[in-house]
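If you're matching them up, the sequences are chains A and B in order.
Numbers 149 to 628, taken from the working numbering, label the letters of the first sequence in order.
Numbers 149 to 628, taken from the working numbering, label the letters of the second sequence in order.
Some notes on the structure that comes next.
Number of protein chains: 2
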Amino acid sequence: MKEEKNYHMDVEAFRKHGKQVIDWLADYYESIEDYPVLSQVAPGEIRNSLPAHPPVKGESFDDMLKDVSDIITKGITHWQSPNFYAYFPANVSGPSILGELLSAGFGVQGMLWSTSPACTELETHVMDWLAEALQLPEKFYSRSTGGGVIEDSASSAALCALLAARERVTNNRSADFHEKMSKCTIYISSQTHSSLKKACIIAGISDNNIRYIPVDENYSMNPDELLSRICQDRHDGFIPMFVCASVGTTSSLAIDPVLQVGEICSAEQIWLHIDAAMAGTAAVCPEYRYLIDGVELADSFSFNPHKWMFTNFDCNCFYVADKNELVKALTINPEYLKNKYSDANEVIDYRDWQVSLGRRFRSLKLWFVIRYYGLEGIRYHIKKHIGITKQLTAMIQKNADFEILSPVSLNLICFRHNKGNDFNKKLLDELNKSGKIFMSHTVLDGKYYIRLCVGQTNTELSHVEKAWKLIEETADQLKG
Amino acid sequence: MKEEKNYHMDVEAFRKHGKQVIDWLADYYESIEDYPVLSQVAPGEIRNSLPAHPPVKGESFDDMLKDVSDIITKGITHWQSPNFYAYFPANVSGPSILGELLSAGFGVQGMLWSTSPACTELETHVMDWLAEALQLPEKFYSRSTGGGVIEDSASSAALCALLAARERVTNNRSADFHEKMSKCTIYISSQTHSSLKKACIIAGISDNNIRYIPVDENYSMNPDELLSRICQDRHDGFIPMFVCASVGTTSSLAIDPVLQVGEICSAEQIWLHIDAAMAGTAAVCPEYRYLIDGVELADSFSFNPHKWMFTNFDCNCFYVADKNELVKALTINPEYLKNKYSDANEVIDYRDWQVSLGRRFRSLKLWFVIRYYGLEGIRYHIKKHIGITKQLTAMIQKNADFEILSPVSLNLICFRHNKGNDFNKKLLDELNKSGKIFMSHTVLDGKYYIRLCVGQTNTELSHVEKAWKLIEETADQLKG
Numbered sequence: 149m150k151e152e153k154n155y156h157m158d159v160e161a162f163r164k165h166g167k168q169v170i171d172w173l174a175d176y177y178e179s180i181e182d183y184p185v186l187s188q189v190a191p192g193e194i195r196n197s198l199p200a201h202p203p204v205k206g207e208s209f210d211d212m213l214k215d216v217s218d219i220i221t222k223g224i225t226h227w228q229s230p231n232f233y234a235y236f237p238a239n240v241s242g243p244s245i246l247g248e249l250l251s252a253g254f255g256v257q258g259m260l261w262s263t264s265p266a267c268t269e270l271e272t273h274v275m276d277w278l279a280e281a282l283q284l285p286e287k288f289y290s291r292s293t294g295g296g297v298i299e300d301s302a303s304s305a306a307l308c309a310l311l312a313a314r315e316r317v318t319n320n321r322s323a324d325f326h327e328k329m330s331k332c333t334i335y336i337s338s339q340t341h342s343s344l345k346k347a348c349i350i351a352g353i354s355d356n357n358i359r360y361i362p363v364d365e366n367y368s369m370n371p372d373e374l375l376s377r378i379c380q381d382r383h384d385g386f387i388p389m390f391v392c393a394s395v396g397t398t399s400s401l402a403i404d405p406v407l408q409v410g411e412i413c414s415a416e417q418i419w420l421h422i423d424a425a426m427a428g429t430a431a432v433c434p435e436y437r438y439l440i441d442g443v444e445l446a447d448s449f450s451f452n453p454h455k456w457m458f459t460n461f462d463c464n465c466f467y468v469a470d471k472n473e474l475v476k477a478l479t480i481n482p483e484y485l486k487n488k489y490s491d492a493n494e495v496i497d498y499r500d501w502q503v504s505l506g507r508r509f510r511s512l513k514l515w516f517v518i519r520y521y522g523l524e525g526i527r528y529h530i531k532k533h534i535g536i537t538k539q540l541t542a543m544i545q546k547n548a549d550f551e552i553l554s555p556v557s558l559n560l561i562c563f564r565h566n567k568g569n570d571f572n573k574k575l576l577d578e579l580n581k582s583g584k585i586f587m588s589h590t591v592l593d594g595k596y597y598i599r600l601c602v603g604q605t606n607t608e609l610s611h612v613e614k615a616w617k618l619i620e621e622t623a624d625q626l627k628g
Numbered sequence: 149m150k151e152e153k154n155y156h157m158d159v160e161a162f163r164k165h166g167k168q169v170i171d172w173l174a175d176y177y178e179s180i181e182d183y184p185v186l187s188q189v190a191p192g193e194i195r196n197s198l199p200a201h202p203p204v205k206g207e208s209f210d211d212m213l214k215d216v217s218d219i220i221t222k223g224i225t226h227w228q229s230p231n232f233y234a235y236f237p238a239n240v241s242g243p244s245i246l247g248e249l250l251s252a253g254f255g256v257q258g259m260l261w262s263t264s265p266a267c268t269e270l271e272t273h274v275m276d277w278l279a280e281a282l283q284l285p286e287k288f289y290s291r292s293t294g295g296g297v298i299e300d301s302a303s304s305a306a307l308c309a310l311l312a313a314r315e316r317v318t319n320n321r322s323a324d325f326h327e328k329m330s331k332c333t334i335y336i337s338s339q340t341h342s343s344l345k346k347a348c349i350i351a352g353i354s355d356n357n358i359r360y361i362p363v364d365e366n367y368s369m370n371p372d373e374l375l376s377r378i379c380q381d382r383h384d385g386f387i388p389m390f391v392c393a394s395v396g397t398t399s400s401l402a403i404d405p406v407l408q409v410g411e412i413c414s415a416e417q418i419w420l421h422i423d424a425a426m427a428g429t430a431a432v433c434p435e436y437r438y439l440i441d442g443v444e445l446a447d448s449f450s451f452n453p454h455k456w457m458f459t460n461f462d463c464n465c466f467y468v469a470d471k472n473e474l475v476k477a478l479t480i481n482p483e484y485l486k487n488k489y490s491d492a493n494e495v496i497d498y499r500d501w502q503v504s505l506g507r508r509f510r511s512l513k514l515w516f517v518i519r520y521y522g523l524e525g526i527r528y529h530i531k532k533h534i535g536i537t538k539q540l541t542a543m544i545q546k547n548a549d550f551e552i553l554s555p556v557s558l559n560l561i562c563f564r565h566n567k568g569n570d571f572n573k574k575l576l577d578e579l580n581k582s583g584k585i586f587m588s589h590t591v592l593d594g595k596y597y598i599r600l601c602v603g604q605t606n607t608e609l610s611h612v613e614k615a616w617k618l619i620e621e622t623a624d625q626l627k628g
C-alpha cells in the first residue's frame, strides 16, 4: 500500500535516497558555474510554481528531488559558486557538509551536558583548539576563567556580550535599575556592523546612548575620539558600559586598533567586545595574527568559521574571559532540567551561554574541517585568497577608469569606475544580471563602491581574471 | 602529495565519503537500540580521548569517521532511539535529514529575499501550508496582515513576540521610556516554560514585573486569576503588556484555556502569545484542533515541528498577526544590504523577523517532511503516539504501587511509585543507568514524578511494553 509505505522512510529507503542526494549535490557542484550566480527569478516566481495546498497523501522522494532540480535551484543565489564575490562569503566544504549530515542524523539536542556529553565536550575541545590556532590569551581557554561556545551568528555573540556587560554594571539587576540603565553608554564606530545596533534595541538600550565614534581615513575607529567621548560622557554623568571593536568592518574590512582601544577599555573598566566575524579567521596564519593584537585586553571575542573557514553557516565562535559573567546573565534552571552533573557544577551546560534553550551539534562540522584541512590547509587557502586579491588589485590599478579604496584589506576590494555613483550602480546591476558573477556594494563618504570579496572555497585566480575581464568589458559597453 | 590532496575535498571524494556517511547513519539507525539511550560517560571522558592540540596536517576522512564510531558515539545520548522518553522529543526522519543535507550543500544565507529567493519563498509557502493544516485564522497567513517565519526555537519566538509587544506599548521607543517600561507587566503561569522568563531578562523586564498566575488542578492557567491580577495591576498603575498561554506545559503537558485567556487579552488589549511548542503539532489532527481554539484571538503563536513533527531541530514555526509590528521592532537597514526588491517593499526579508541577521535554509527539511508524509502520514503517527500512551496508561493503572498524574495529556505520562520522592528519584536513576530507556522527571506540588513522553519517530507499542516491564521489575528490585 503506497500511503502506508510513505508514512515513514525506512532504513533501506534512507540508504537509497541518501546516496541519491549525495550524487545530486556532487553533480550540483560539478555544474555550479552553469547557473546564474545571482538568482534571476522575480518575486513570487518560486511560490507560483508550488501547489497552493499541502499534500494530504505522501509523495515519492523522486518527485521531491525533481522539484529541487526544477523549481528550487532556479531560486538559489549560488553562494557556493566560485564566482560569488558579494557580501562576505559563507563558504562551505565537503567535510563541513558531511559533518552537518552526521549532526542531522544523530539529531541530539545539546542544551545540557547530560543530554549528549559529546555535543558539549567536542564543542569545548574544538573551541580550545581554535584558541590555540589563534594564539588567544589563556583567559579564553575553558581550563581558565573563560571559555568558548558556538553561537549561530556574530549577531547573537554580540547580543550575549552586551547582555553580560549590562548585568555587570548593575550586579545582575539591570531591569530594576532603569534610571541607571538610562545612563549607560555604548561605543561603536560608524562602520560597526548593524547587529550591534540591533543588540542594543533588543537589550533595551536607547539609540541616544549609542556613541558612533568617528573613524580615520582607513575607516578604523579613532582611539583618541573614543577616549575623549568616554571622558565627556563620564563628566556628563553617563556610565560608559560597552565598546565594540571590529576586526574587519562590513563595508571595507577596516581593522579597528584593537590594542589601543583595549588599553582605553582596561583603564576605564569598560567591557570590550571584539567582533572579528570576517577577518578573525586570518589570524590563524601567524603573519596575520597581528590583526587581533590586543585581544588579551578584551572581555569577549568572536569570529565566524562560517564566513571564511570552510564551515557551514551557522558557526560563530564566541569567547568570553569570564564565563561566570555570561552564565549569570543568561541562566535559568527549572526543575525539569536539573540533573546531578549540573547540580554538582561538574560540567558545562551551554544553554546558559546563549539566547535559546535548545542547541544543535554544531561542533562536528567544525571538527571535521579542522581535521580534514589541518591548520596548514586552512592557512594555505586563506593565503591563497589574499594572494588572489592582491593580483586582482594590480589588474584594477592598471585601468585608469577605475579607482580602488586603499589600502585594500586582506581579501576585500572596494572599487569604482570614475564615471560616478549612478554609473557604478548601473555597472553593478548589469554585471549581476549577467549571472556570471555576483558582487555587492557599499557607500563610503557618499561614494558608491562595488565590493568584491574573494573567499569562496573554490575561487581560483582564473575565476578572478575572468571576472575582471567581464567588469572591464561591461564598463566599456556602458560608457557607450 | 598527501597534504595537497587534503587541502580540499574534491567532488569525487565528496561523492565517496558522502555515501560512506549515509551508510554509517543507516547502520547507526539499524543498531541504535544496542546503545545505552542515555550516554554513560563521565564528565571529561570524551575530551580525554581527543588530541590536546589541533592537527597541523590534514587527516584522512576514514580516520575521522572511525573516531565518530569509537569516541563520539559513546558520548551521544540517543535522542533518536525509540527507547528515548525524556524531556520532549526532538524527533527526526529520513526526509528531514536529507532536507538538512541539501540545505548544507546549497550553503545559502537567507537574510534577504535576494540572497536566495527560494529560501524565503519556500519558507513563506510552507508556513502558509501549516497555517492551513492547523486551521489558523486568516490573519496569520502571509497574504494577510501577518505571516509565519521559521525561528530556531520557541525561546527565540517568545523573545521576538515579547520585543514586538514591548515596542507596541511604547510606539517603538521602549528604550527611551524607562519609567513607563518599569510599569509594564507580563503574565505567565507557574508552569510556563523557563524561556519566557529568559526572554524577559534579555528584554530588560524585571522579574518583579512578571506575574505568575496560579493554575487549576490540571496545572492550566486560571483565567479568573489572570483577569483579577490584570485589574489589580491597572489599579496599581501598572501597564499589562504581554500574556503567554501554553498549549502543552513542559512539566505535564497542561493546556491553558486559550479561548478564555484570549478573550481577556482582547478586551484588555494585551499582546497574547501562544506557546504551543510541543502540543501544537497535534492540532494537525482535526480531533485535536480544539487544543488551540482561541488562537484567532492571539497576536502570535508558535509550535515546534522539531519536537513532534519528524523535522530536525532547529525548526520552530512562529506566526504573527501583524508583521509590521514585528518588523518595526527588529529592523535595521544598513547600506550594504540595500537592494531594489527590499527598497520597493516587494518581498519579505526575514532578517527583520528574528534576532540574528544570517539564516539557514530551514524550510527545505520541513517541505520534505510534509511532502513525504503528507498530512495523512503526520496525523497517522501523532495518533499512534497518543494511542500508545493510552495503552501504557492502562498498564500503569493496573499496578497499585504506582499513581498517575491525571488526566494524562496527549503523549506525556507523569507517574510515581507510592514509596515517595526519594524512591522515585532512585528508581529513575536506576532505569536511566540501565541504558535500556531514558526518561526525565518533574516536581509538581512537591511530588517528584517520572515523565515519560511517547514521541520518537520509531517508537512502537512493543517498545513501551518492554519499558513498562523494566520499570515494574526495577521498582520491585529496589523495594527489596
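Beta carbons are placed, not taken as given, at the ideal position from N, Cα and C, and that holds for glycine.
Since the structure is predicted, the reported quantities are computational estimates derived from the model, not experimental observations.
- By the 16-neighbour rule on beta-carbons within 10 angstroms, B/Cys308 is buried.
- Beta-bridge annotation (DSSP): A/Arg314 is not paired with any residue.
- By the Cβ-count criterion, B/Arg291 is exposed, with fewer than 16 other Cβ atoms from all chains shown falling within 10 Å of its own Cβ.
- Setting aside the 5 residues that flank it on each side, B/Lys573 is surrounded in the same chain by His589, Tyr596, each with a C-beta closer than 8 angstroms to its C-beta; the list follows chain order.
- The beta carbon of A/Ser557 sits closer than 6 angstroms to those of Leu401, all from its chain and outside the five residues before and after it, given in chain order.
- Residue range 419-423 is occupied by the beta strand (DSSP E) that includes A/Leu420.
- By the Cβ rule, the segment 310-324 of chain A counts as touching the segment 346-353 of chain A, because three or more pairs are nearer than 8 angstroms.
- Under the 8 angstroms Cβ criterion, the segment 227-246 of chain A does not count as touching the segment 200-208 of chain A, having fewer than three qualifying pairs.
- Taking C-beta atoms under 8 angstroms as the contact rule, B/Val189 and B/Phe232 fail to qualify, at a distance of about 17 angstroms.
- Under the three-state reduction of DSSP, B/His589 is assigned to strand.
- Inclusion of A/Trp277 and A/Val495 in the CB contact set at 8 angstroms is not warranted, their separation being larger than that value.
- With contacts defined as CB atoms closer than 8 angstroms, A/Leu618 and A/Ile585 qualify as a contacting pair.
- Neighbourhood of A/Phe516 in chain B, by CB distance below 8 angstroms: Met212, in chain order.
- Residues of chain A whose Cβ lies closer than 8 angstroms to the Cβ of B/Trp277 are, in chain order, His201, Pro202.
- Within its own chain, the residues whose Cβ lies closer than 7 angstroms to the Cβ of B/Asn487, once the five positions on either side in sequence are excluded, are Leu260, Ser262, listed in chain order.
- Interface with chain B (8 angstroms Cβ-Cβ cutoff): A/Lys167 is included.
- Restricting attention to alpha helix (DSSP H) runs no shorter than 4 residues, the segment 473-557 of chain B encloses them at 488-491, 511-545, ordered along the chain.
- Per DSSP, the continuous alpha helix (DSSP H) segment holding B/Asn569 begins and ends at 569-582.
- Its chain contains Tyr335, Arg359, Ile361 as the residues whose beta carbon lies nearer than 8 angstroms to that of B/Arg377, once the 5 sequence neighbours on both sides are disregarded; these appear in chain order.
- Excluding five sequence positions before and after B/Ser368, the CB atoms of its chain that fall closer than 7 angstroms to its own CB belong to Ala402, Ile403, Asp404, Pro405, given in chain order.
- A straight line joining the alpha-carbon of B/Pro482 with that of A/Gly258 spans about 34 angstroms.
- A/Cys379 and B/Ala200 have their C-alpha atoms spaced approximately 45 angstroms apart.
- By the Cβ test, the segment 513-525 of chain A is not in contact with the segment 434-452 of chain B, since fewer than three Cβ pairs between them sit closer than 8 angstroms.
- Taking a C-beta cut-off of 9 angstroms against chain A, none of the residues of the segment 430-445 of chain B qualify.
- Listed along chain B, no residue sits closer than 7 angstroms to A/Gly583 by beta-carbon distance, the nearest being about 14 angstroms off.
- Setting aside the 5 residues that flank it on each side, B/Cys267 is surrounded in the same chain by Val256, Gly258, Phe509, each with a C-beta closer than 6 angstroms to its C-beta; the list follows chain order.
- Residue-level contact by beta carbon holds for B/Met157 and chain A, with a gap shorter than 8 angstroms.
- DSSP links A/Asn464 through a beta bridge to A/Glu299.
- Closest option to A/Ser304, judged by alpha-carbon separation, among A/Ser450, A/His165, A/Ala393, A/Gln283: A/Ser450.
- Take the alpha-carbon of A/Thr293 and the one of A/Glu286: they are about 9 angstroms apart.
- DSSP places B/Lys345 within a helical segment (H, G or I) once states are collapsed to three.
- By the neighbour-count criterion, in which a residue is buried when 16 or more other Cβ atoms sit within 10 angstroms of its Cβ, A/Glu299 is buried.
- At the C-beta level, A/Ile552 and A/Leu600 stay beyond 8 angstroms of one another.
- Beta-bridge analysis with DSSP links B/Ser394 to B/Asp423.
- Its chain contains Ala279, Gly294, Tyr467 as the residues whose beta carbon lies nearer than 6 angstroms to that of A/Phe288, once the 5 sequence neighbours on both sides are disregarded; these appear in chain order.
- In chain order, Gly255, Val256, Gln257, Gly506 make up the part of chain B whose C-beta sits under 9 angstroms from the C-beta of A/Ala238.
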